[in-house]
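Single-structure report; data block below.
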Amino acid sequence: EDQVTQSPEALRLQEGESSSLNCSYTVSGLRGLFWYRQDPGKGPEFLFTLYSAGEEKEKERLKATLTKKESFLHITAPKPEDSATYLCAVQAAGQNFVFGPGTRLSVLP
Amino acid sequence: GAVVSQHPSWVICKSGTSVKIECRSLDFQATTMFWYRQFPKQSLMLMATSNEGSKATYEQGVEKDKFLINHASLTLSTLTVTSAHPEDSSFYICSARGRGRYGYTFGSGTRLTVV
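Laid out in structure tokens, this is it:
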């Protein structure tokens, strides 16, 4: 059975304090791993798609990496506006998304 | 590109009434639409998948007669919560996937409160 876990469940950072969020997955035939940002009361906003181990993608202060078992979302010098829940999801061939439980990030000024 | 519009953003209804939520893909044809439910501080739980012109496929434990899904066109899917009860109060989110696309685009969500 496809599974996705995320850690930590919640993370508090001071503004400028870099850190990483983890997404571990077990899936047969990974087709893609997706990172989304979700603000309270809103739908998820697409951040990245990673397709194969070793792949990296960057967007502003965020950088996503992928291995055969996990993905990391690195946040460099975060700002308060980066506060949100970060969701990862995996898609196996012929299957729908399986979402992780998310990491709630709070960046304090 | 790839915008999905979901309406209404919030709705309050009386117990026993029905509520319809709309999900529209604005700039692409959505061959597949997905409906999710999300409880506070929890992740998204897939309720059903619908392909244009076909009956929706419901996840285990989701009542087909209670959550009616219609995907009559390539740009519109609707979720109707019938005979709503307070336990149906939740955040409902749709997402859409276009032909040949891997990614999913999400709507902004609908907060349903049944009183």
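Residue numbers (the numbering used here), protein chains in the order written: chain H, 1 to 109; chain D, 1001 to 1115.
Virtual Cβ for every residue (Gly too), placed ideally from N, Cα, C.
Item, Value
"Proximity below 8 Å, CB of Ala1084/D to CB of Ser1018/D", "yes"
"Cβ distance (whole Å) where Leu947/D is taken to contact Glu1059/D below 8 Å", "Outside the modelled stretch of chain D, which goes from 1001 to 1115, sits residue 947/D, for which no answer is possible."
"CA-to-CA distance, Leu73/H to Asn1051/D, given in whole angstroms", "32 Å"
"Within 8 Å of chain H by C-beta, residues of the stretch 1014-1040 of chain D in sequence order", "Phe1034"
"Top-ranked residue by Cα proximity to Val1004/D, from Val1115/D, Thr1031/D, Ser1090/D and Gly1061/D", "Thr1031/D"
"Where the beta strand (DSSP E) through Val1019/D begins and ends", "Val1019 to Ser1025"
"Bounding residues of the beta strand (DSSP E) (the contiguous stretch that carries Arg1099/D)", "Taken as a continuous stretch (DSSP letters only), Arg1099/D belongs to no beta strand (DSSP E), as it is neither H nor E."
"Assigned exposure category for Ala53/H - 16 Cβ within 10 Å defines buried", "exposed"
"The stretch 9-26 of chain H contacting the stretch 77-92 of chain H, beta-carbon criterion three pairs below 8 Å", "yes"
"Under 7 Å from the C-beta of Tyr1104/D: neighbouring residues of chain H", "Phe97"
"Buried or exposed (CB count within 10 angstroms, at least 16 for buried), Gln38/H", "buried"
"Option in Lys69/H, Thr67/H, Lys42/H and Ile75/H with minimal Cα separation from Leu58/H", "The amino acid at residue 58/H is misidentified as Leu; the sequence shows Glu. Among Lys69/H, Thr67/H, Lys42/H and Ile75/H, the Cα nearest to that of Glu58/H belongs to Ile75/H."
"Counterpart residues of Phe72/H in DSSP-defined beta bridges", "Asn22/H and Thr65/H"
"Nearest-angstrom beta carbon gap, Phe1028/D and Thr1049/D [assumed within contact, 8 Å]", "17 Å between Cβ atoms; not a contact."
"Cross-strand partners of Phe1106/D (DSSP beta bridge)", "Ser1095/D"
"Below-8 Å beta-carbon distance, Leu87/H vs any chain D residue", "yes"
"Coil, strand or helix - Leu1059/D by DSSP", "Leu is not the amino acid found at residue 1059/D; the sequence shown has Glu there. Coil, per DSSP."
"Chain H contact for Arg1111/D (CB, 8 Å cutoff)", "yes"
"Listed by chain order, chain H residues near Ile1069/D by CB distance under 9 Å", "Per Cβ cutoff of 9 Å: no residues; Ile1069/D is ~14 Å from chain H at best."
"Between the CA atoms of Val1115/D and Val154/H - distance to the nearest angstrom", "One cannot answer for residue 154/H here, as it falls past the ends of chain H, which runs 1 to 109."
"Glu1087/D - DSSP class collapsed to helix/strand/coil", "helix"
"Nearest candidate by alpha-carbon position, reference Pro80/H, set Glu17/H, Gly94/H and Lys63/H", "Glu17/H"
"Beta strand (DSSP E) segment containing Glu195/H, residue limits", "A query on residue 195/H cannot be resolved here, the shown segment of chain H reaching from 1 to 109 and no further."
"Min CB distance Gly1107/D to chain H below 8 Å", "yes"
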